[in-house]
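Q: The structure is given below, and queries will be raised subsequently.
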Amino acid sequence: MNRLPIDLRGGTFYDVLAFTARHWSRQPTPLTIIIMAVLASTLADVLTPLYSAHLVDAVSRGAAAEDTVWDEAILAFFVLVGLALSAIVMRTIAFLYISKLTLKMKSDVASDAFRRVQRFSTDWHLQRLAGSTVRKITRGMSALDLLNDSILIALFPSLIMLVGSTILLGLYWFGMGLVIACGSFVYVALTIMLSLGYVAPAASLANNSDTRLGGALADSISCNAVVKSFGAEVREEERFAKILAKWRCHTRRSWMRGTINSAVQGLTLVVIRAAVIGFALFLWSRDQATPGDLAFVLTSFFVLYGHLRDLGMHVRNLQRSVSDMEELLEIEGQPLCIADRPGARPVRITTGRIDFKNVCFHYGNSGLPLYSDFSLSIKAGERVGLVGPSGSGKTTFVKLVQRLYDVNDGVILIDGQDISKVTQASLRSQISIVQQEPILFHRSIAENIAYGRPGAGQSEIEEAARLARAHEFIARLPKGYATLVGERGVKLSGGERQRVAIARAFMANASILILDEATSSLDSESEMLIQAAIERLMIGRTTLVIAHRLATVRALDRLLVFDSGRVIEEGEHAALIRRPGGIYRRVFERQVLELTKGLV
Ligand SMILES: Nc1ncnc2c1ncn2[C@@H]1O[C@H](COP(=O)(O)OP(=O)(O)OP(=O)(O)O)[C@@H](O)[C@H]1O
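Each number in this note's numbering comes from the position in the sequence shown (counting from 1) with 3 added on.
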């Protein structure tokens, strides 16, 4: 991948800072307290050299010089102790409040990102690895610590110190103030240029590799069953080693640039240091400076020097945290693709009539339309079977009903309401779907079933499980309904997963029911048992059943035979099998033949 151009990096930097400022503005009180406390503690640091100079001047005049010398020395002593104490108290207050600010920001950022990721379109999720997305969010969250500390506790006081000390020095000795101001300016400009233009692009590349590494790890680990079944562990390790090598190369380059950056900063500081000490000695040699003056200048400079040295580190930390947050911000900035329109209202599905009117649709990355000027009506409560060859558009049809994709033209109505104008959550919560490969949460079986109706009691859950013929196998599990099902439900067999998903659909009690090869993983005996339950579930609901096995759909009210995004035959099973030369008839005859061959 190419390096990002510098102007884009600048944009990213600005975007991250704007994002951070937006989050700060949500917490004005802690932010004000932090700023005030940091200002006060920095002021104490700025004033310290001034009172050190008073002390040195008083001491160098000798104890017996005047009566006031001792009082001046004592006063300077107490002021110095007081300044040190107040700096510690103020810094502690700043730390306490920055913890509060950062923790709240972290939880806000995590919940905003989660909220957004959940609402991204199906396509968005299909194009990304879950592991990479998780890595982007967690890395961004961790970076917030460093970002807040770098700006509020480190850079902000350092800059005040820099400006304050330079002004104070300038007032004391104009020439010295000028030398330090020029030196500091060159140092800060160099630090920012190197960090943004030299280190940041490499860090960004290293982060991309890190995200890819996370995605690759999650992909291989989640497909471990496939890896095992092909005995492909070594192959996967080799693949991972290649990704690791790239990650190592990019990360090494990023670290190298960081090291070179800090060496250049260190050298610049040595030059400034030599100039300041040399200039002070020059003034002293010409009797233009007292020991107190020298003490003031050198103490001021060394405090400033510490801040300048740290400034380099803080800018590097800031750049690192900005790079780490870059990908999190991408999540913020990406469009949802399928979004609720402003003012969208919940859909009210009462009868479940579905109308496709002149629908045109193609998947984003495919130029060829799948549906062109497609019109179809499904009556309220009708039970419709969707059949046809693989890739003919059956699953896409039900995805469009759920508005997982927006149509390119035309309109889809449910009970007369345009589904593109209603809220997505209200639409999908009134459509139950059981998929061929149902996905379950790694939660208890009871929680998975109750997902269709939050707050359902144990008796309702068991009732749904009984209807779906799942109760028997659940009761046999050591922990029964409290059994955890493993990631995506992997600890259950395909048939068991389908029965839990059917129970979940029973619970949802939605007006529209979609069964996408919902019983394909069941043995014929279980399918027969469940079929009765499913038939009960269909009563009073508009039902769309996708099936390759025609036995599953033959009893339905109407069958739609799909081919390349068109309905080429439709009617009842009995009528379709009588149609001479019909596709449905041909498929039916082939399936009957296969069945009889199996019996022989
Ligand atoms: N997310 C996607 N992006 C691009 N093309 C897709 C996407 N999903 C499906 N397609 C394509 O759209 C066409 C219709 O797919 P669809 O899943 O609707 O077929 P289907 O009839 O349900 O097939 P099957 O019976 O095998 O499940 C296919 O050519 C498929 O490759």
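For glycine and all other residues, C-beta sits at the position ideal for the given N, C-alpha and C.
Given the structure is predicted, the values throughout are model-derived calculations rather than measurements.
Under 8 Å: does the beta carbon of P392 sit that close to some heavy atom of ligand 1?
A: Under cutoff, so the answer is yes.
Q: In its own chain, which residues sit with a C-beta less than 7 Å from the C-beta of L50, not counting the 5 before and 5 after it?
A: Only L86 meet the Cβ criterion.
Q: Nearest to L470 by CA position, among A428, E530 and N411, is which residue?
A: Checking every option, the nearest Cα to that of L470 belongs to E530.
Q: For E236, collect the residues of the same chain with a Cβ closer than 7 Å to its Cβ; drop the 5 residues on either side in sequence, then sort them by chain order.
A: If we look at E236 and ignore the five residues flanking it on each side, its Cβ neighbours are V230.
Q: Please name the residue or residues paired with V564 in a DSSP beta bridge.
A: Partner(s): V390 and E572.
Q: Roughly how many whole angstroms lie between the Cα atoms of K139 and N211?
A: Rounded to the nearest angstrom, the two C-alpha atoms are 9 Å apart.
Q: Would you kindly report the start and end of the unbroken beta strand (DSSP E) that includes C226?
A: Per DSSP, C226 belongs to no beta strand (DSSP E) and is neither H nor E.
Q: Give every residue of the same chain whose Cβ lies closer than 7 Å to the Cβ of M4, excluding the five residues on either side of it in the sequence, and list them in chain order.
A: The pLDDT assigned to M4 is 35, lower than 50, so where the model puts this residue is not dependable; a value taken from the coordinates is nonetheless given after this. Around M4: L208 and N211.
Q: Hey, quick one: how far does the alpha helix (DSSP H) through L559 stretch, first residue to last?
A: Here L559 belongs to no alpha helix (DSSP H), and DSSP marks it neither H nor E.
Q: Do you know whose CA, among G367, V202, G217 and A221, lies nearest G315's CA?
A: The shortest C-alpha separation from G315 is found at V202.
Q: I'd like to confirm the pairing. Which residues does DSSP put opposite V189 in its beta bridges?
A: Answer is none; V189 lacks a bridge partner.
Q: Can we say the region 256 to 271 touches the region 167 to 177, given the rule of at least three CB pairs closer than 8 Å?
A: No: fewer than three Cβ pairs fall under 8 Å.
Q: Looking only at DSSP bridge pairs, what is R582 linked to?
A: Paired residue(s): none; R582 is not in a bridge.
Q: Kindly list the residues whose CB is nearer than 8 Å to the CB of I38, restricted to its own chain and excluding five residues on each side of it in sequence; keep chain order.
A: Once the five neighbours on either side are set aside, the close Cβ partners of I38 are L155 and F159.
Q: On the DSSP letters alone, give me the boundaries of the beta strand (DSSP E) that G413 sits inside.
A: Where G413 is concerned, the enclosing beta strand (DSSP E) stretches over D412 to I417.
Q: Is it buried or exposed for M196, if we count other Cβ within 10 angstroms and need 16 for buried?
A: Label assigned to M196: exposed.
Q: Would F509 and G455 qualify as a contact pair, given that the criterion is a beta-carbon distance under 9 Å?
A: Cβ distance < 9 Å, so F509 and G455 count as in contact.
Q: Just to check my reading of the structure: V437 and D560 have Cβ atoms closer than 8 Å, yes? What is that Cβ distance to the nearest angstrom?
A: In fact, because the Cβ distance is near 19 Å, the residues do not count as touching under 8 Å.
Q: Just checking my contact of L547 with V401 at CB under 8 Å: how many whole Å lie between their CB atoms?
A: Confirmed, about 6 Å.
Q: Measuring straight from C-alpha to C-alpha, what distance separates K360 and I505?
A: Going by the C-alpha atoms only, they are around 31 Å apart.
Q: Who are the near neighbours of I517 in its chain, counting only those whose CB is closer than 6 Å to its CB and skipping five residues on each side?
A: The answer, listed in chain order, is V401, I436 and L547.
Q: Rounded to whole angstroms, how far is the Cβ of R472 from the Cβ of L532, which I believe are closer than 8 Å?
A: Contact flag correct, Cβ pair sits at about 5 Å.
Q: For ligand 1, any of its heavy atoms closer than 8 Å to the Cβ of F359?
A: The answer is no for F359.
Q: Taking all protein chains shown into account, decide if N368 is buried (16 or more other Cβ within 10 angstroms of its Cβ) or exposed.
A: With fewer than 16 Cβ atoms within 10 Å of its Cβ, N368 is classed as exposed.
Q: Going by beta carbon distance, what residues of the same chain come within less than 7 Å of R6, once the five residues before and after it are set aside?
A: Residue placement at R6 is flagged as unreliable, the pLDDT there being 35, under the threshold of 50; the coordinate-derived value follows with that caveat. The residues are P204 and L208.
Q: Please look up how many angstroms separate the CB atoms of Y607 and L301, rounded, as I've assumed it's under 8 Å.
A: An answer regarding residue 607 cannot be provided, because it is not within the stretch 4 to 603 covered by the chain.
Q: Assuming S375 and D358 form a contact by the criterion Cβ under 8 Å, report the distance between their Cβ atoms to the nearest whole angstrom.
A: Not confirmed; about 17 Å, so no contact.
Q: If you measure from the CB of G396, is any heavy atom of ligand 1 nearer than 8 Å?
A: Flag set: Cβ of G396 near ligand 1.
Q: For a test of your reading of the model: does the CB of G367 fall under 8 Å from any non-hydrogen atom of ligand 1? Yes or no.
A: Yes, Cβ of G367 sits closer than 8 Å to a heavy atom of ligand 1.
Q: Is F123 near ligand 1, judged by its Cβ being under 8 Å from some heavy atom?
A: No, the beta carbon of F123 sits no closer than 8 Å to any heavy atom of ligand 1.
Q: Give me, in chain order, the residues of the same chain whose beta-carbon lies closer than 7 Å to that of I275; leave out the 5 immediate sequence neighbours on both sides.
A: For I275, where only same-chain residues beyond five positions count, the Cβ hits under 7 Å are G186 and Y190.
Q: Could you tell me whether the region 418 to 428 touches the region 333 to 352, using the rule of 3 or more Cβ pairs below 8 Å?
A: Contact between the region 418 to 428 and the region 333 to 352 is present, because at least three Cβ pairs lie under 8 Å.
Q: Please name the residue or residues paired with Y454 in a DSSP beta bridge.
A: The partner list for Y454 (beta bridge, DSSP) is empty, contrary to what the question assumes.
Q: Buried or exposed: which applies to H57, given that a residue is buried once 16 or more other Cβ atoms fall within 10 Å of its Cβ?
A: So H57 counts as buried.
Q: Per the DSSP calculation, Y374 is bridged to which residue(s)?
A: Note: Y374 sits in a beta bridge opposite F364.
Q: Count the other CB atoms, across all protein chains shown, that sit within 10 Å of the CB of V595; report buried if there are 16 or more and exposed otherwise.
A: Burial call: exposed.
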